[in-house]
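Numbering (mature numbering (1 follows the signal peptide of the UniProt record, and there is no 0)), first residue to last: -19 to -1, 1 to 245.
Presented below is the structure to which this report refers.
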Amino acid sequence: MFSHLQTIIASLPPSVAMATTLDFWSNTRWDDVSQTDVQAALVDDTAYFHAKCVGPNVYCYGMPDAPDMVLHSKPFVRLLYHQQYWLSLAKDLNATSVDELLHSIEEFKSLRGPGIRFYVPFPVAERVWTHSEDSVRSKSTLLMQVYEDSWRRYPGPEEEWDQRLAFIVALARHINSAGSESEIVTSVRGRNLLKLIHDQIIEFGLYKPRTLNGLTWDKNALVAEWVRALKRVRECAGLPLSWAAEVPVEGLREDEVQVQLLSE
């Protein structure tokens, strides 16, 4: 029976299986999931969850801002359909398909969709931002605007299960991996978005520890990863130290303070 279930689930796109059957909605927005993830979650979803919730990745695998059973909601089925379409286009991008991708995202944006603020899967943006063709990367301004709009839909201080934290982690991970190969690092528009995010991390205190359900989330790993990403941006773009303000020391342990000081 279990092997039959595995066969059925394996026939689904990994992101569909993870978001619906296996109830891992959040990580399909922030991670490029594969059949390996599906099989691991099928064998032991608790072990899979804890293996993934390491360091700052905990914010990408926290409680999603979506219903427990995605398929019970028509708006989320529509969102899931669009996300799968975008992911399929992003796997084989060219000058034509990127236009189809961006048009579909713009069309979905105009419909406003369900109440999820970050709705474009981050792997889609990564493939556009790091594409080998300039003609594809140069069209990524729309994606940056979509993410800026998503970010701004949070009005201020941290909320419960705040997806801005997951976005910070995904961005930092992307920048630290791709560096100068990413349009969000090399373009003025991309750096302006990063500057906005950094300024509001400080303004809204998103770096500060927070207690939730009796657990204290100290943000140390998240802040350290973000500080390293900003250092990478400055190095790649030749920006002055004054480009980004320091994260207040109260948001860092001593070792993270040293990371920040070494970046100056």
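All C-beta atoms in this analysis are idealised placements derived from N, C-alpha and C, irrespective of residue type, glycine included.
Fair warning: this is a prediction, and the values are worked out from it, not measured in the lab.
Check: Taking the CB atoms as reference points, tell me whether P37 and V117 lie closer together than 9 Å.; Outcome: no
Check: Roughly how many whole angstroms lie between the Cα atoms of A218 and S54?; Outcome: 44 Å
Check: Could you give the first and the last residue of the continuous alpha helix (DSSP H) run that contains R215?; Outcome: 201 to 218
Check: Does the distance from the CB of K176 to the CB of V127 come in under 9 Å?; Outcome: no
Check: For R108, I'd like the list of residues in its chain whose CB is within less than 8 Å of its CB, leaving aside the five on either flank, ordered along the chain.; Outcome: A71, K72, L74
Check: Taking the C-alpha atoms as reference points, what is the distance between S15 and T9?; Outcome: 10 Å
Check: Only counting the same chain, and skipping five residues up and downstream in sequence, which positions put a Cβ closer than 7 Å to that of I(-11)?; Outcome: A(-3), T2, V19, L23
Check: Using a 10 Å radius around the Cβ and a threshold of 16 neighbouring Cβ atoms, would you call A147 buried or exposed?; Outcome: buried
Check: Can you give the Cα-Cα distance for A(-1) and F30, rounded to whole angstroms?; Outcome: 13 Å
Check: So, using beta-carbon positions, are D26 and D4 closer together than 9 Å?; Outcome: yes
Check: Could you tell me which residues DSSP puts in a beta bridge with R10?; Outcome: Answer is none; R10 lacks a bridge partner.
Check: Which value, in whole angstroms, describes the spacing of the CA atoms of I182 and D80?; Outcome: 32 Å
Check: What first and last residue would you give for the alpha helix (DSSP H) that runs through K72?; Outcome: Here K72 belongs to no alpha helix (DSSP H), and DSSP marks it neither H nor E.
Check: Where does residue 261 fall in DSSP's three states?; Outcome: For residue 261 there is no data in the structure shown, the boundaries of the chain being -19 and 245.
Check: Residues in the same chain with beta-carbon distance under 8 Å from A76, minus the five sequence neighbours each way, listed in chain order, please.; Outcome: E114, S116, V117
Check: Would you identify the three-state DSSP class for R191, choosing helix, strand or coil?; Outcome: strand
Check: Do L123 and E87 come within 9 Å of each other at the CB atom, strictly closer than that value?; Outcome: yes
Check: Do A226 and I156 have their CB atoms nearer than 9 Å?; Outcome: no
Check: Can you tell me whether A225 is helix, strand or coil according to DSSP?; Outcome: coil
Check: Measuring alpha carbon to alpha carbon, tell me which residue in F103, A28, E129, S(-5) is nearest L174.; Outcome: E129
Check: Under 9 Å, do L220 and R172 count as touching if we go by C-beta distance?; Outcome: yes
Check: Given that a residue counts as buried once 16 or more other Cβ atoms are within 10 Å of its Cβ, and exposed if not, what is T17?; Outcome: exposed
Check: To the nearest angstrom, how far is the alpha carbon of V166 from that of P56?; Outcome: 34 Å
Check: For H179, which residues of its own chain have a beta-carbon under 8 Å away from its beta-carbon, when the five flanking residues on both sides are left out?; Outcome: W207, L211, A225, A226
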